[in-house]
Every structure is written in C-alpha cells, then in structure tokens.
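K.L.:
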Amino acid sequence: MSLLEICHSLEYLPVLIEMRSSPWIFPIIAILHLFGLVIIGGAVVVGDLHLLSYRLTPQLVDRIAHDMERLLIAGLLVMVITGVPLFMCFATKYYYLTPFWVKLSSLILVIIFTFTIRRNALTRYRENPVVKKMIALTSLSLWTSVALSGRLIGFP
Amino acid sequence: MYLVVLTVHVLALTIFVGTALIIDLRFLGVFMGYVPTSVVLARLLPWSLRGFFLMMISGLLMFYASPVDKYNNLFFQAKITMLLLAAVNIWLFLKTEYSTITEWDQKTLPPIRVRLVGGAALTLWAAIIAAGRLIPYQQYWFN
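This is the structure in structure tokens:
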C-alpha cells in the first residue's frame, strides 16, 4: 500500500467523513491547534531568549529550563493531538502540498533539536555564548518554519 | 503580499500571547511561583509588547485590505471588543494591584484580585485567538 493510498483511506474513515460534513468540528480543532502553537511560542521564546543572554533570572536556570520544557511538551501534545485529525481530514490534498512536508520535516527536526542540543545548552553554564546564540537562532528559525509552512497549508 | 502579512500576524500573535500566557500563569500562581512576579513582568512584558505592536501593525494592514468585509464580520467585531476588554483588564491591574506589587511580589500565590486579572486575561486571549481564527467562517456559517 503506497503512502498516497494510506492517505486516501485515512481521509475516508467514517469519523473523518463526519468531521468534514460538520460545519464546526474542523474550525474548533483548528483553534485548539493554534492554542498549541501559542503555548509552544511562550516556552520557546523564554528558552531562546535565555540562550541569547536575555535571562529571566540568573539564578534557578535548571528549574526554569525544566518548567519551560513542561510547557513546551504541553503545547506539543495539544498541537500533535489536534494536528493529526486536521491532517487526516484532507490527507490526500496534503500529500500533494509542499508546505505540509516542509512543516512536518521542520517539526521533526525541531523536536529532535530541542530535546537534545538545545536542552543541553540551556542547562550548561560553561557553553560558549556564541554557540548558545547559534542554538537559539536555529531553534527560532525551525519553529518559524513550522508556523510559516503551517500557515501556507491554508493557501494551496 | 496578504499571505506575508498574515504570516507575520500569526508569528507576532505567538510571541505576544505566548509571553502573556507565562505572565498570566504567574499571576494565577500556577507557574514559576519561585520567580518574583516583578521579574517575570520586567523580563517578559517588553517582548509581549513588541509582539503586540507587530500584531497590531499587521492586523491594521489586513483590515485595510478589506475594511468593509472585516467591519461587517461578526467574529472580527467580537475580536476587537475582546481586545478592548483585555486592554481594560490590564489598565485596571496597573491602576490597582500593580501599585502594591512589593507586598505580594515574592508570594507563590498572588492575591485573589491578581489571580482574577490573570484568569480574565487568559480567557480573553483564548477568545481573541478563537474569534480571529473564525473570521473566514462568517461566509460559510452566516452568508
């Protein structure tokens, strides 16, 4: 079974047909998806500002990094849980959309980057400041790519 | 061009509401209670305001692109009304509780009136995002 065939069968699941025929289910899920992005936005901005030497406070770095990560995970969960039905609703259309694949690739990359390189940089005190700034700019660029390509999906 | 402005609007909204969310969660006493509220405000409010101004400029440009349609849109009207309510909420906080911040700054759980400000702000930001996202649906639902 090809990926396109999988997309096609997902799109025509009874629950997805129901979702598409409803005038309000899709917009409500899309609103929740945007909430997820905003929650992620707060956590990412605070973490990356920290790496750019604009610290919330010089103390309690580990604790703040931990709390921001919790917030980020909460936002990611909201975004993924709502993103899956949004994708499935028009899976065949998205299969042909370049911005969708850009968004998915950026999202996977930024998740790996955030929970490996960025996480270490946030709590490592002796890291070179230039390296920290590069990590922050990479994180911000990848998240911007996720948001931007996500926005482009609505304009095929 | 409209797409570029819309993208900037969404990014600005993410910075604005994302940082406001952290401030409001601190007001509610449920997040980063170990950081003084004044520190959270001093460090995040400038970024929240930068996001807000960028959001306003991009929002005005989008309004200018189709002013009559936007003016007649119920969700747009609701969004602007809630933005004004949010401004009143912030103004009330600055006029009342902010003047006594030294008394509750270090407390994990701020006074009830500060928590109410935080709760009201969070509700309004969520409603503003929802109304903004629903603007294109006026056509499908009501016209």
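Which chain is which? The protein sequence lines are A and B, in order. Its first residue numbered 960, the first sequence is counted upward by one per residue in the numbering used here. Its first residue numbered 2, the second sequence is counted upward by one per residue in the numbering used here. Cβ atoms here follow ideal geometry from the backbone N, Cα and C, with glycine treated the same way.
1. Give the DSSP-derived three-state secondary structure of Thr1016 of chain A in the structure shown.
2. How is the alpha helix (DSSP H) around Ile81 of chain B delimited, first residue to last?
3. Taking Cβ-Cβ distances below 9 angstroms as the criterion, which residues of the segment 89-119 of chain B are in contact with chain A?
4. Quick one: grab the DSSP three-state call for Tyr971 of chain A.
5. Hey, Ala66 of chain B and Tyr141 of chain B: beta-carbon distance below 7 angstroms or not?
6. Are at least three pairs of beta-carbons, each pair with one atom in the segment 1088-1101 of chain A and one in the segment 1003-1020 of chain A, less than 8 angstroms apart?
7. Report back the beta-carbon spacing between Lys1062 of chain A and Gly1113 of chain A to the nearest angstrom; my notes put them in contact at under 8 angstroms.
8. Along chain A, which residues have their Cβ under 8 angstroms away from the Cβ of Arg134 of chain B?
9. Measure the alpha-carbon distance for Lys1091 of chain A versus Leu1011 of chain A and round it to whole angstroms.
10. Is it the case that the segment 31-47 of chain B contacts the segment 1023-1031 of chain A, given that we only count it when at least three CB pairs across the two stretches are under 8 angstroms?
11. Using 8 angstroms for Cβ pairs, my map puts Arg51 of chain B next to Ile16 of chain B. What's the rounded Cβ distance?
12. Straight-line CA distance for Leu975 of chain A to Glu964 of chain A?
13. So what's Leu1079 of chain A in DSSP terms, helix, strand or just coil?
14. What residues of chain A sit near Thr82 of chain B, judged by a beta carbon separation below 7 angstroms?
15. Sorted by chain position, which residues of the same chain lie with C-beta nearer than 7 angstroms to Gly120 of chain B's C-beta, five sequence neighbours on each side aside?
16. Does DSSP put Met33 of chain B in a helix, a strand or coil?
17. Please identify the residue among A:Ala1050, A:Thr1041, A:Ile1067 and A:Arg979 whose C-alpha is closest to the C-alpha of Leu962 of chain A.
18. Give a yes or no on whether 7 angstroms exceeds the smallest Cβ distance from Thr1057 of chain A to chain B.
19. Helix, strand or coil for Gln140 of chain B per DSSP?
20. Which residues in chain A have a C-beta closer than 7 angstroms to the C-beta of Leu12 of chain B? List them in chain order.
21. Counting contacts by CB-CB distance shorter than 7 angstroms, is Arg1110 of chain A in contact with chain B?
22. Within its chain, find whatever has a CB closer than 6 angstroms to the CB of Phe1072 of chain A; leave out the 5 residues flanking it on each side and keep chain order.
23. Does the beta carbon of Gly1000 of chain A come closer than 7 angstroms to any beta carbon on chain B?
24. Name the chain A residues whose beta carbon is nearer than 7 angstroms to that of Ile16 of chain B?
25. Verify the CB distance criterion: does Thr1041 of chain A have a CB-CB separation below 7 angstroms to chain C?
26. DSSP three-state label for Lys1062 of chain A, please.
27. Do Asp106 of chain B and Pro37 of chain B have their beta-carbon atoms positioned less than 7 angstroms apart in this structure?
28. Verify the contact flag: Ile113 of chain B, CB atom, against every heavy atom of the ligand GTP, threshold strictly below 6 angstroms.
29. Taking the C-alpha atoms as reference points, what is the distance between Arg1078 of chain A and Ala1024 of chain A?
30. Would a check of beta-carbon distances place Val46 of chain B closer than 7 angstroms to chain A?
31. Could you give the DSSP three-state label for Ser961 of chain A: helix, strand or coil?
P.N.:
A quick look at the data gives this:
1. coil
2. Leu75 to Lys96
3. none
4. coil
5. no
6. yes
7. Contact doesn't hold; Cβ gap of about 11 angstroms is too wide.
8. Pro986, Ala989, Ile990 and Leu993
9. 7 angstroms
10. yes
11. 7 angstroms
12. 16 angstroms
13. A small fix is needed here, since residue 1079 of chain A is Asn in this sequence, not Leu. Reduced to three states, the DSSP call for Asn1079 of chain A is helix.
14. Simply none; closest approach about 18 angstroms.
15. Leu29
16. coil
17. A:Ala1050
18. no
19. helix
20. Thr1103 and Ala1106
21. yes
22. none
23. yes
24. Gly1000 and Val1004
25. In the structure shown, chain C does not exist; the protein chains are A and B.
26. helix
27. yes
28. The ligand content of the structure shown is nil, which means the ligand GTP is not present either.
29. 8 angstroms
30. Reading off the sequence, residue 46 of chain B comes out as Leu, not Val. Leu46 of chain B does not count as touching chain A.
31. coil
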